[in-house]
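Number of protein chains: 2
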Amino acid sequence: MTVTIPQGFRSAGIAVGLKSTGKPDLALVVNDGPAPASAVVFTSNRAQANPILWSRRVVAQGTARAVVLNSGGANCFTGDFGYDTSRLTAEAVAAAIGEPDAERILVCSTGLIGTGDQAFRDKIVGNVPALAAALSAEDVTAPAAILTTDSVEKTAVRRGDGWTIGAMAKGAGMLAPGLATMLVVITTDAVLSDAALDRALRGATGASFDRLDSDGCMSTNDQVTLLASGASGVAPEEAAFAAALAEVCDELAGKLQADAEGASHDIDIEVRGARSTAEAVEVGRSVARNNLFKAAIFGNDPNWGRVLAAIGTTSAEFDPYAVDVAFNGVRLCHAGAPDRPVEECDLAPRRTHVEIDLFAGEATATIRTNDLTHDYVHENSAYSS
Amino acid sequence: MTVTIPQGFRSAGIAVGLKSTGKPDLALVVNDGPAPASAVVFTSNRAQANPILWSRRVVAQGTARAVVLNSGGANCFTGDFGYDTSRLTAEAVAAAIGEPDAERILVCSTGLIGTGDQAFRDKIVGNVPALAAALSAEDVTAPAAILTTDSVEKTAVRRGDGWTIGAMAKGAGMLAPGLATMLVVITTDAVLSDAALDRALRGATGASFDRLDSDGCMSTNDQVTLLASGASGVAPEEAAFAAALAEVCDELAGKLQADAEGASHDIDIEVRGARSTAEAVEVGRSVARNNLFKAAIFGNDPNWGRVLAAIGTTSAEFDPYAVDVAFNGVRLCHAGAPDRPVEECDLAPRRTHVEIDLFAGEATATIRTNDLTHDYVHENSAYSS
Chain A
1 MTVTIPQGFR SAGIAVGLKS TGKPDLALVV NDGPAPASAV VFTSNRAQAN
51 PILWSRRVVA QGTARAVVLN SGGANCFTGD FGYDTSRLTA EAVAAAIGEP
101 DAERILVCST GLIGTGDQAF RDKIVGNVPA LAAALSAEDV TAPAAILTTD
151 SVEKTAVRRG DGWTIGAMAK GAGMLAPGLA TMLVVITTDA VLSDAALDRA
201 LRGATGASFD RLDSDGCMST NDQVTLLASG ASGVAPEEAA FAAALAEVCD
251 ELAGKLQADA EGASHDIDIE VRGARSTAEA VEVGRSVARN NLFKAAIFGN
301 DPNWGRVLAA IGTTSAEFDP YAVDVAFNGV RLCHAGAPDR PVEECDLAPR
351 RTHVEIDLFA GEATATIRTN DLTHDYVHEN SAYSS
Chain B
386 MTVTIPQGFR SAGIAVGLKS TGKPDLALVV NDGPAPASAV VFTSNRAQAN
436 PILWSRRVVA QGTARAVVLN SGGANCFTGD FGYDTSRLTA EAVAAAIGEP
486 DAERILVCST GLIGTGDQAF RDKIVGNVPA LAAALSAEDV TAPAAILTTD
536 SVEKTAVRRG DGWTIGAMAK GAGMLAPGLA TMLVVITTDA VLSDAALDRA
586 LRGATGASFD RLDSDGCMST NDQVTLLASG ASGVAPEEAA FAAALAEVCD
636 ELAGKLQADA EGASHDIDIE VRGARSTAEA VEVGRSVARN NLFKAAIFGN
686 DPNWGRVLAA IGTTSAEFDP YAVDVAFNGV RLCHAGAPDR PVEECDLAPR
736 RTHVEIDLFA GEATATIRTN DLTHDYVHEN SAYSS
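So the sequences go chain by chain: A and B. In terms of my numbering, the first sequence opens at residue 1 and continues consecutively. In terms of my numbering, the second sequence opens at residue 386 and continues consecutively.
Next up, the structure:
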């Protein structure tokens, strides 16, 4: 279990009945130190779930000690009652692990918006003792307990010079119910300050999760938590740690994209020659969010015209008549006109690579997305989430 | 035929073989004056089709005299050859109607991006004489000749005090092939200057077509053309004309929304209590472009949580926990928490009304959109466009 591979961590995952399937739905990751530090990145959606509101309070107070996560309900737009549920959950966990300060316990929830009644609260709070009793440095159950419609667990590990990073994640843009909430917990036994962790985490999430744009919808519950125990005794160069963390996040982002339920293509939109990274991201996102483009990929149609029409809606610097577009290595548009015959291009494979060259600078960025399929429509219309 | 109802106009629509179906695909509207004036609004997409580039030149020169429109091919990203096709088309029309200046002839095209070869040019230019010969002040064929996947013609008429406005339109966001290019031609026999027409047109399009956001994709070919003949001899108050024009555009926008191919719901997202109109539009658009919201409507699911998650991504002024959301008259969310039971809400009817109250000001705006359906995915993936 990868969040416990770094020294100084214990985790657990149990079933408390939030999911009607009876599958595991409550997880806990505890940082035993000896030099705890933490950093958290939250959803930028202003409509924030109650657990997010509680966790922001934790971050404002200082270093977090643990994170408790439930699936089977988002506890979002559940009013003051829902906020109290998050608080009570944190208080129960703090008591169970011998932590005097409940405001050092982060809380995450994922599932249906609006779920968060008395029964929801009772199942979580009432089972915290059992959860804490299951904590182990060899635990393998936590990654499953945070899943909603994911079909596989997502984990990653990177080893540095005497220190290690471990991680688990759930969610993906195309995952239908629950607005595809993305929850990530990353642990490390490196010795680093809160501030250094924060810098590394923001850099890593900005280049990975922020560029995973499967259906353009931003969840109310997203949270990426990074906990450092210092148990390795090794204080790495910040740059070395940041690079390893970026690799972990990038690997997880790729796994989330690949597990996007209902998708038949994993599409990497690589933008080159942009005036700035921000413009490369803007251009990539305009394509990633374009329904006509995504539907065309579903139909195995390398429709470069829709790519141009999409990027033409941005304010990025480029000449629309000087752009190159390639699909899976075949350049179909050169200098704003048709190039190779579309018959040379095979879009049957799941992995799809679209390259856009703007010839306006040196900056690049890749946006990950998926195609727009019948399964996506079915998943998101047939079930209330 | 509504563009010829105002005095001083002739039109025609014929089949020249651009459409494989043999249906009419070339139209012409001519302003016979005696006091011609014009105004044009173009797509804001920076990837502009060749006819748009030509038409911008016409507008830069002064008052337009006529507009020729073809369906069956967008003539976009067809290089210098495609630009010359637009120019040659204008020259042929000018010669055929006895207009000395080809740069007074606007050109519009709609259809597949990349279409615009020699055969395309020959069919258009070679048939201009026949098109001109078919011109009539009682013509009823032009509205059909501009259609692509529309299932019905869209026309509108408004009568003022001694003057009239007529209009025809094609396209709708959900119309699959061709990126749903929207082409509109509006005629009036009122006496007005180019500048007055321009002010009225920008105001009318801003409040109507700009707020029709069926699938968030902006065409490379959109153009709204307003031609005034002055043949009524009546010079209306600018405000009276602007109001009537706004009604015409609003009616056409509603008709485009209702004909969105593949849609099963016409959704009006009414935002109230915004700090400014721009913010009301931003909030409405965030919902209109949210795939999870649109898929939920397809499933007749009044998923207010997705509405809140959508508006939470905007920077508009409001408290996410103080917003009201109603579906078809039933308030499901009040002050950021569940209100009436969802069972009270019936989303089976095609016409859908979502009301969002931000309680942050007095501004309002309504964005029109459609749901995300299997038919949309099929139409946009199964056919190359």
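Built from N, CA and C at the ideal position, the CB exists for glycine as well. This structure is a prediction, so every number in the text was calculated from the model and none was measured.
Discussion item. If contact is defined by three or more beta carbon pairs under 8 Å, each pair taking one atom from either stretch, is the segment 647-656 of chain B in contact with the segment 569-586 of chain B?
Written reply: no
Worksheet item: Would you report the Cα separation of residue 408 of chain B and residue 400 of chain B, rounded to the nearest angstrom?
Response: Rounded to the nearest whole angstrom, the CA to CA distance from residue 408 of chain B to residue 400 of chain B is 6 Å.
Worksheet item: From what residue to what residue does the beta strand (DSSP E) around residue 386 of chain A run?
Response: The displayed coordinates of chain A run from 1 to 385. Any statement about residue 386 of chain A would go beyond what the structure contains.
Item to complete: State the Cα-Cα distance for the pair residue 73 of chain A and residue 65 of chain A, rounded to the nearest angstrom.
Response: 23 Å
Worksheet item: Using a Cβ cut-off of 7 Å, which residues of the segment 568-596 of chain B contact any Cβ in chain A, in chain order?
Response: none
Practice prompt. Would you tell me roughly how many angstroms separate the C-alpha atoms of residue 96 of chain A and residue 29 of chain A, rounded to the nearest one?
Written response: 13 Å
Discussion item. Using only the alpha-carbon positions, how far apart do residue 255 of chain A and residue 700 of chain B sit?
Written reply: 31 Å
Worksheet entry | Nonlocal neighbours in the same chain, by C-beta distance under 8 Å from residue 613 of chain B, ignoring five residues either side | 416, 420, 421, 422, 423, 572, 573, 574, 575, 576, 577 and 582
Worksheet item: How many whole angstroms separate the CB atoms of residue 77 of chain A and residue 722 of chain B, which I take to be in contact at a CB cut-off of 8 Å?
Response: 6 Å
Worksheet item: Going by beta carbon distance, what residues of the same chain come within less than 7 Å of residue 416 of chain A, once the five residues before and after it are set aside?
Response: Not covered by the structure: residue 416 of chain A. The range shown for chain A is 1 to 385.
Discussion item. Using beta carbons (cut-off 8 Å, strictly below), is residue 175 of chain A in contact with chain B?
Written reply: Only weak support is given to the placement of residue 175 of chain A: the predicted model assigns it a pLDDT of 37, under 50, and the value that follows is read from those uncertain coordinates. Not one chain B Cβ lies under 8 Å of residue 175 of chain A.
Item to complete: Please say whether residue 274 of chain A and residue 201 of chain A have beta carbons closer to each other than 8 Å?
Response: no
Worksheet item: If you pair each beta-carbon of the segment 615-625 of chain B with each one of the segment 699-713 of chain B, do three or more pairs fall below 8 Å?
Response: no
Worksheet item: How would you write the range of the alpha helix (DSSP H) that residue 433 of chain B sits in, first residue to last?
Response: Per DSSP, residue 433 of chain B belongs to no alpha helix (DSSP H) and is neither H nor E.
Worksheet item: Taking Cβ-Cβ distances shorter than 9 Å, what residues in chain B pair up with residue 347 of chain A?
Response: Chain B residues near residue 347 of chain A: none, gap ~11 Å exceeds 9 Å.
Discussion item. Measuring alpha carbon to alpha carbon, tell me which residue in A:239, A:283, A:211 and A:226 is nearest residue 253 of chain A.
Written reply: A:211
Worksheet item: Does DSSP put residue 265 of chain A in a helix, a strand or coil?
Response: Note: residue 265 of chain A maps to coil in three-state DSSP.
Worksheet entry | CB contact below 8 Å: residue 298 of chain A versus chain B | yes
Worksheet entry | N-terminal and C-terminal residue of the alpha helix (DSSP H) that residue 766 of chain B is part of | Note, residue 766 of chain B: alpha helix (DSSP H), 759-767.
Worksheet item: Any contact of the segment 493-510 of chain B with the segment 347-366 of chain A, i.e. 3+ C-beta pairs under 8 Å?
Response: No, because fewer than three Cβ pairs between the segment 493-510 of chain B and the segment 347-366 of chain A fall closer than 8 Å, the two stretches do not touch.
Worksheet item: Between the segment 435-443 of chain B and the segment 506-517 of chain B, do three or more beta carbon pairs fall short of 8 Å?
Response: no
Worksheet item: Looking only at its own chain, which residues have a Cβ that is under 6 Å from the Cβ of residue 554 of chain B, when we skip the five neighbours before and after it?
Response: Excluding sequence neighbours, residue 554 of chain B sits near 539, 569 and 637.
Worksheet item: If we count the other Cβ atoms within 10 Å of its Cβ and call it buried at 16 or more, is residue 728 of chain B buried or exposed?
Response: Label assigned to residue 728 of chain B: exposed.
Discussion item. Quick check: the Cα distance between residue 610 of chain B and residue 425 of chain B, rounded to an integer number of angstroms?
Written reply: 5 Å
Worksheet item: What in chain B is Cβ-close to residue 46 of chain A, meaning under 7 Å?
Response: 697 and 705
Worksheet item: Which residue or residues does DSSP assign as beta-bridge partners of residue 333 of chain A?
Response: Answer is A:325 and A:338, bridged to residue 333 of chain A.
Practice prompt. For chain B, find out if any of its Cβ atoms is closer than 8 Å to the Cβ of residue 179 of chain A; answer yes or no.
Written response: Low per-residue confidence applies at residue 179 of chain A: pLDDT is 46, beneath 50, and the placement is therefore not dependable enough to give any value.
Discussion item. What are the residues in the segment 348-370 of chain A lying within 7 Å of chain B by C-beta distance?
Written reply: none
Worksheet item: Going along the chain, which unbroken runs of the beta strand (DSSP E) with 3 or more residues stay wholly within the segment 461-537 of chain B?
Response: 490-494
Item to complete: Please confirm whether residue 75 of chain A and residue 219 of chain A have their CB atoms less than 8 Å apart.
Response: With contacts defined as CB atoms closer than 8 Å, residue 75 of chain A and residue 219 of chain A fail to qualify as a contacting pair.
Worksheet entry | Nearest-angstrom beta carbon gap, residue 534 of chain B and residue 646 of chain B [assumed within contact, 8 Å] | 5 Å
Discussion item. Quick check: the Cα distance between residue 136 of chain A and residue 4 of chain A, rounded to an integer number of angstroms?
Written reply: 8 Å
Discussion item. Can you look up residue 608 of chain B in the DSSP assignment and give me helix, strand or coil?
Written reply: Strand, per DSSP.
Worksheet item: residue 27 of chain A bridges to which residues according to DSSP?
Response: A:13 and A:69
Worksheet item: CA-CA distance, residue 112 of chain A and residue 695 of chain B?
Response: 15 Å
Worksheet item: Is residue 762 of chain B near residue 377 of chain A, with beta carbons less than 8 Å apart?
Response: At a Cβ-Cβ threshold of 8 Å, residue 762 of chain B and residue 377 of chain A count as neighbours.
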